[in-house]
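In this note's numbering, the protein residues as written are 18 to 465. A virtual CB, placed ideally from N, CA and C, is assigned to each residue, including glycine. Every value quoted in this text rests on a predicted model; they were computed, and no experiment measured them.
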């Protein structure tokens, strides 16, 4: 084992016996000052620039976590990529505490007013039977997907992991997932040694992840690639687990159509099973901890790929509905399967969890439930009115993305729409919010 087991973990999921008091070296301080000046002189609209004032900068620039992470490790990506929306990552779980003066206001801003005195609710998958099929006729929703992120307790996030730890974690995840049964039973494929043809096919099918984009690269999240990375999927490819992509684990339930109940139930089953075997990093206040702060809390993202041609023609209306239901327009029927899968997996792998932050993850945006529910949906009419689309999305707290996710364009009028909120509400509430928002989008599309 490469993880020191001679220390205990505090409620924030960090080693209490290794609290570092060392000051940053001169070279790091010089880079920090240069980076701060660059950021302040730019026209960046990132949350990093908004909240990294000179006062906050001076208070944090000399601090380190017990893993040796500095303020530079947290903000490097935002400094190099001035077009970042958030601009900050947590190199390890302790960063949320050590650099709280910066993380807390960013978390509050992104997570709809989640103040530093607020506490993320306990994990609650809710009654999966109350969810249904959003599009039984198959007119609008192309596919549905629900995922959550988890960080394994006892390990830092990607920037601080050693090559030996990557290999150790891959072996632990692979052996744990090999115990899944029934619908979740499948095979683990390490990226190392995978043929390029197989890898590309999985990517084209939206099953496998590629090496991190420029934002993750700048955050030092792709070290020793592809060592320690891999994918697990069941025979039908409706249940997947990504190992050491952005977070230690991304647990995914997905299928064609709009049956959110089936997708969600599969995920819950898997997570509940896995966390019995792998302890997850969780914080009492923030929920499950993640690398990016936008995923804190439940970490759940439920999404659909949906076709709304009429509503899409009115982007303002689309954004209005999305905002109302806290949706991000960027999969949905898959929630039931996800619930089933997660419940099964957490029986075998103990997950890293913090009483305050929930399940811990590499990126602080994924903390808490870590759940993201989304659909691929065709809204040709609504898509023609971008203002309307954005209006609806904002109303329901939805995130609207391109067909292939973040930083991509919509292809053939198909959008990836998911819940935007993951913190300060339960897993079930996060998915239900997305469910209500998608239902409203379809209603509007039909009326156009």
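- In the displayed model, residue 293 falls within a strand according to three-state DSSP.
- Contact check for residue 299 against residue 413 fails: the beta carbons are separated by 8 Å or more.
- Residue 268 sits away from residue 373, with the two beta carbons spaced by 8 Å or more.
- A check of alpha carbon separations from residue 78 across 43, 431 and 433 identifies 43 as the nearest.
- Short of 6 Å from the beta carbon of residue 190, and not among the five residues preceding or following it, lie these beta carbons of its own chain, in chain order: 260.
- A contact is defined here as three or more CB-CB pairs under 8 Å, and the stretch 319-329 meets this definition with respect to the stretch 387-406.
- Going by C-alpha positions, residue 282 is about 7 Å away from residue 358.
- Between residue 302 and residue 375, the alpha-carbon positions lie close to 7 Å from each other.
- Distance from the CA atom of residue 225 to the CA atom of residue 209, rounded to whole angstroms, is 13 Å.
- Annotation: the continuous alpha helix (DSSP H) that includes residue 53 extends over 43-58.
- Counting every other CB atom within 10 Å of its CB across the protein chains shown gives residue 132 a total below 16, marking it as exposed.
- The alpha-carbon separation between residue 363 and residue 312 amounts to approximately 19 Å.
- Of the residues assessed, residue 289 falls on the buried side of the cut-off, its CB having 16 or more other CB atoms within 10 angstroms.
- Residue 437 sits in coil when the DSSP states are folded into three classes, being neither helix nor strand.
- Between residue 103 and residue 65, the CB-CB gap stays under 8 Å.
- The alpha-carbon separation between residue 245 and residue 186 amounts to approximately 7 Å.
- Looking at the DSSP output, residue 200 bridges to nothing.
- Less than 8 Å separates the beta-carbon of residue 304 from that of residue 137.
- Within the DSSP bridge table, the entry for residue 308 names 380 as partners.
- Put simply, the stretch 329-336 does not touch the stretch 441-452. Fewer than three CB pairs are less than 8 Å apart.
- Residues of the same chain with a CB within less than 7 Å of the CB of residue 453, apart from the 5 flanking positions on each side, are 342 and 413 in chain order.
- Apart from the 5 residues on each side of it in sequence, residue 273 sits with its Cβ closer than 6 Å to the Cβ of 160 in its chain, given in chain order.
- Residue state for residue 61 is assigned as coil, using DSSP reduced to three classes.
- Shown here, residue 373 sits in a strand according to DSSP, grouped into three states.
- Contact annotation: residue 389 and residue 439 have beta-carbon atoms nearer than 8 Å.
- Excluding the 5 residues flanking it on each side, residue 180 has same chain C-beta neighbours closer than 6 Å at 241 and 244, in chain order.
- Setting aside the 5 residues that flank it on each side, residue 74 is surrounded in the same chain by 49, 53 and 88, each with a C-beta closer than 8 Å to its C-beta; the list follows chain order.
- For residue 256, there is no enclosing alpha helix (DSSP H); the residue is found in the beta strand (DSSP E) stretching over 256-260.
- Following the DSSP letters along the chain, one finds residue 317 inside the beta strand (DSSP E) bounded by residues 316-324.
- In the three-state DSSP reduction, residue 270 falls in the strand class (E or B).
- An exposed status is given to residue 71, since fewer than 16 other beta-carbon atoms sit within 10 Å of its beta-carbon.
- Here DSSP, grouped into helix, strand and coil, assigns residue 159 to strand.
- Separation of residue 223 and residue 380 (C-alpha to C-alpha, rounded to the nearest whole angstrom) is 21 Å.
- Residue 319 and residue 387 have their C-alpha atoms some 10 Å from each other.
- A check of alpha carbon separations from residue 252 across 201, 432 and 117 identifies 201 as the nearest.
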